[in-house]
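Heads up: the sequence lines are chains A and B, in that order. The C-terminal residue of the first sequence carries number 250 in numbering that gives the first Met the number 0, and the numbering is unbroken. The C-terminal residue of the second sequence carries number 450 in numbering that gives the first Met the number 0, and the numbering is unbroken. Each remark here refers to the structure printed beneath this line.
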Amino acid sequence: MEIIPPHARAAAALKGGAGLVRAADIAPLKTGAAESFSEIAEAVRAAPLHEIAPAEAGDVGAALGFALGLTQLWTAPLTLFISPQARNGEDGTLYAEGCAQFGFRLEDLILVRPRTAQDALWAAEQALTLPGATVVCVIAGKTLDLIASRRLLLAAETFGAHGLLVRLDGLSAGAAWTRWRIAAAASLAAADGEIGRPALRAQLTRRRGGRSDLSWTLEWDAHARRFSERAAMAGAVAAAAEDGPAKARAG
Amino acid sequence: MALADARAMAPDLVAAEAEPARDAALLDAIAAWCGRYTPVVALDPPEGLFLDITGVAHLFGGEDDLRRDLLRRIQAQGFAARAAIAPSPAAAWALAHFSRDAIGDADSIAALIAPLPVECLRLEADSAALIKRLGLKTVTQLIAAPRKPLAARAGERALQRLDYALGRAHEPLSPRRPPPPVFAMKRFLEPLMSLEAVLIGVEAACVELAARLDRRGLGARRLTLHLFGVDARARSYGLRLTRPEHDARAMLRLFREKLSIAPEGIDAEFGIEMLRLDAFETAPRTMMARALTAPAGRDEEAIARLLDALSARLGEARVRRIMLKDAHAPEHAAGETTALAPPATQRRAIVPADGVMRRPLTLFAHPERADAIASVPDGPPVKFRWRRVLRDVARAEGPERIAMNWLDAPGAATRDYYRVEDSRGRRYWLYRDGLYSERDAPVWYVHGVFA
Chain A
0 MEIIPPHARA
10 AAALKGGAGL
20 VRAADIAPLK
30 TGAAESFSEI
40 AEAVRAAPLH
50 EIAPAEAGDV
60 GAALGFALGL
70 TQLWTAPLTL
80 FISPQARNGE
90 DGTLYAEGCA
100 QFGFRLEDLI
110 LVRPRTAQDA
120 LWAAEQALTL
130 PGATVVCVIA
140 GKTLDLIASR
150 RLLLAAETFG
160 AHGLLVRLDG
170 LSAGAAWTRW
180 RIAAAASLAA
190 ADGEIGRPAL
200 RAQLTRRRGG
210 RSDLSWTLEW
220 DAHARRFSER
230 AAMAGAVAAA
240 AEDGPAKARA
250 G
Chain B
0 MALADARAMA
10 PDLVAAEAEP
20 ARDAALLDAI
30 AAWCGRYTPV
40 VALDPPEGLF
50 LDITGVAHLF
60 GGEDDLRRDL
70 LRRIQAQGFA
80 ARAAIAPSPA
90 AAWALAHFSR
100 DAIGDADSIA
110 ALIAPLPVEC
120 LRLEADSAAL
130 IKRLGLKTVT
140 QLIAAPRKPL
150 AARAGERALQ
160 RLDYALGRAH
170 EPLSPRRPPP
180 PVFAMKRFLE
190 PLMSLEAVLI
200 GVEAACVELA
210 ARLDRRGLGA
220 RRLTLHLFGV
230 DARARSYGLR
240 LTRPEHDARA
250 MLRLFREKLS
260 IAPEGIDAEF
270 GIEMLRLDAF
280 ETAPRTMMAR
290 ALTAPAGRDE
300 EAIARLLDAL
310 SARLGEARVR
320 RIMLKDAHAP
330 EHAAGETTAL
340 APPATQRRAI
350 VPADGVMRRP
360 LTLFAHPERA
370 DAIASVPDGP
380 PVKFRWRRVL
390 RDVARAEGPE
400 RIAMNWLDAP
410 GAATRDYYRV
420 EDSRGRRYWL
430 YRDGLYSERD
440 APVWYVHGVF
450 A
């Protein structure tokens, strides 16, 4: 299999040096036609367990956005967002109005705030036994070790559920099928100085049985409820202008 | 007798002031302790309790053994007590206060009460005085007296008391806790010390309760498990359920979660001797209708089971639905409810046409202070320091002026909200607390983070 090394500049940027990083500075990766984000999204859709980590402490918002965005890959009877109580002080709690503007159906969303990380894992495992459920579990620390993540994987596989583990500590435990590093990215807007649609930089750092070390700059389309790959940076503004205001699609 | 007279007769008398409130609290505590015998305990202040032991006596080896057990335990705790068992509360009261016989059944009760003085009927003071003046001293005489003239003089209530005692009329009790429509009790031969052993007992109770619910075609939306230990401490564990439950296995699973996470464990220091499982909010089961209306692929029953399990172990306050509310203040525009209730109708959410979020994905419960520098006094910040990191503002949109509701937050200043993107692409929701006209030095807060 051919391995394309990550673009040096992008990699440096994502490592999060002290330097100023603008998404616009990061040149697009040569990912090849076969590895567009929508294809990877299909692979994610088919797999039961994924790990998402913020590139830096300040990117938690982007990582949560990515996780919530990925949940929309599946039509789940219930989406559970599990986040230990202590994290809520640090990262804030999901805000109903923001979630709604993100395109989320609040009727199908359950927030779980366990006291400890152990309880969070227990809740995640329980939730994954609901056939077809989507579970986002925010977790930090060593509680989520290989055994724990294998248990989650087993539950998800057995019951056809999908788990997204948002790991805040940079640790990772093996069982996930894909692993992502998410950084914030500057948004694009039609007018100068305005803020555009949610944007982030997603780096695929591990993928079972497939090429990893790929990255994309993604924009969230709240109407279609999916991520779209931002076109090559040079043409991005033009593309954004072309898109115009997103048409309100059904759903 | 006055205290002075009493002191004259007994010089070493110890006098203590009456404390009716504490006496009442003690009586209530004893009533709670009596929950080990029956869920229906009524207070009879200042010093009496009624226990409805219908259908539970067999657990203790019969009425006599139950009474003996009760007295032994109460006396062991240092209380003097008398107890009697009778078909009606009034008759039991009469026997407990005035008779040597402690147990009467429907056939013998009239004969047992007959020789007792009329005071045993708990008559009101004036009708008691009148009846005595008439020369009626015992219940027998009262029964023999012509009813109508007596009622005219002593009052209907006096005769009603008599009817209560003889079981001719039903005397309603008002229990200290609403009695459960269905309950199951288990008594153990030996105190159970371990959680596993207690769970076996809970399982038996669940099976019995489920069978009782089954017989009536009901399910319970609320269950309360009481564990009664040797140490006389009451332990109660409540469960709420999304829908009427009648499956013993499901109940047991929830209690297993609940008990294994109870803060200090069940703390069965000296063992658990008895348990009682109460079912409340019983409702007819509605299983078939759901299957017809639910969208395909959506297993409502599995969802309900999951939410029950999560709520049982983590607590209802930790398993929530979030919803939109009609309010301007950001803190009040979103609310949450228990996940056990179905989603309430709420304000429709509108996704902005351009797909740009106007509200953050996460909100801090307590907005966090930030030190911001604004180029113009009323303008957006140019730089701000939050969580010890200085952030350069690349772009900012605002202000969106939100005045706090004076009802929710009296005296709160108007807020100017800005959506801000820093040079690294991170987006924040900042606000300046107070207009320049309202406040000299503006204070900035970070209220939320965008995706």
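Built from N, CA and C at the ideal position, the CB exists for glycine as well. Just so we're clear, the structure is a prediction, and the values are computed from it rather than from any experiment.
When the Cα atoms are used, residue 53 (chain B) and residue 361 (chain B) turn out to be separated by approximately 56 angstroms. Ranked by Cα distance from residue 104 (chain A), the first of B:370, B:347 and B:367 is B:347. Cβ-Cβ distances below 7 angstroms link residue 325 (chain B) to 346 in the same chain, with the five nearest sequence neighbours on each side left out; the list follows chain order.
Cβ-Cβ separation between residue 412 (chain B) and residue 432 (chain B): approximately 5 angstroms, consistent with a contact (criterion under 8 angstroms). Note on residue 435 (chain B): under 16 other CB atoms within 10 angstroms of its CB, so exposed under the neighbour-count rule.
When secondary structure is reduced to three states using DSSP, residue 235 (chain B) falls in the strand class. For residue 92 (chain B), the enclosing alpha helix (DSSP H) has its first and last residue at 88-97. At a beta-carbon threshold of 8 angstroms, the residues of chain A lying near residue 317 (chain B) are 84, 111, 112, 113 and 114, ordered along the chain.
Against chain A, the CB of residue 376 (chain B) has no partner CB under 9 angstroms away; the residue lies outside that interface. DSSP lists B:321 as the bridge partner or partners of residue 335 (chain B). Under the DSSP definition of a beta bridge, residue 277 (chain B) partners with B:182 and B:223. As a beta-bridge residue in DSSP terms, residue 228 (chain B) pairs with B:271. Proximity of residue 76 (chain A) to chain B, defined by a Cβ-Cβ separation below 9 angstroms, is satisfied. Neighbours of residue 313 (chain B) across chain A, judged by C-beta separation under 9 angstroms: 111, 112, 113, 114, 118, 121 and 122. Between the region 304-312 of chain B and the region 123-138 of chain A, the count of C-beta pairs closer than 8 angstroms reaches three or more; the two stretches touch. Going by beta carbons, residue 213 (chain A) and residue 39 (chain A) fall inside the 9 angstroms limit. For residue 215 (chain A), the enclosing beta strand (DSSP E) stretches over residues 213-220.
Considering only beta carbons, the part of the region 428-448 of chain B lying closer than 7 angstroms to chain A consists of 447 and 448, in chain order. For residue 229 (chain A), the closest Cβ of chain B is not nearer than 9 angstroms. Per DSSP, residue 205 (chain B) is one residue of the alpha helix (DSSP H) stretching across 194-214.
In this structure residue 74 (chain B) is exposed. Its beta-carbon is surrounded by fewer than 16 other beta-carbon atoms within 10 angstroms. Closest in alpha carbon position to residue 85 (chain A), among A:228, A:113 and A:220, is A:113.
An exposed status is given to residue 232 (chain B), since fewer than 16 other beta-carbon atoms sit within 10 Å of its beta-carbon.
As summarised for the region 22-49 of chain B, the continuous beta strand (DSSP E) elements at least 3 residues long and confined to that stretch are 40-43, given in chain order. The count of Cβ pairs closer than 8 angstroms, one atom from the region 51-66 of chain B and one from the region 187-201 of chain B, stays below three, leaving the stretches out of contact. Contact with chain A is found for residue 348 (chain B), since one of that chain's Cβ atoms lies less than 9 angstroms from the residue's Cβ. Chain-order list of chain A residues neighbouring residue 306 (chain B): 109, by C-beta distance under 8 angstroms.
The criterion of a C-beta distance shorter than 9 angstroms is satisfied by residue 379 (chain B) and residue 419 (chain B). Taking the Cα positions, residue 165 (chain B) is about 18 angstroms away from residue 50 (chain B). For residue 391 (chain B), the CB contacts under 8 angstroms within the same chain, skipping 5 residues up- and downstream, are 381, 382, 421 and 422 in chain order. DSSP places residue 218 (chain B) within a strand segment (E or B) once states are collapsed to three.
Residue pairing by DSSP places residue 163 (chain B) opposite no residue, since no beta bridge is assigned to it.
Taken atom to atom, the span from the alpha-carbon of residue 95 (chain B) to that of residue 235 (chain B) is near 30 angstroms. Around the beta carbon of residue 0 (chain B), fewer than 16 other beta carbons sit within 10 angstroms, so the residue counts as exposed. DSSP places residue 136 (chain B) in the coil class of the three-state scheme, outside both helix and strand.
Residue 59 (chain A) has a beta carbon lying within less than 9 angstroms of a beta carbon in chain B.
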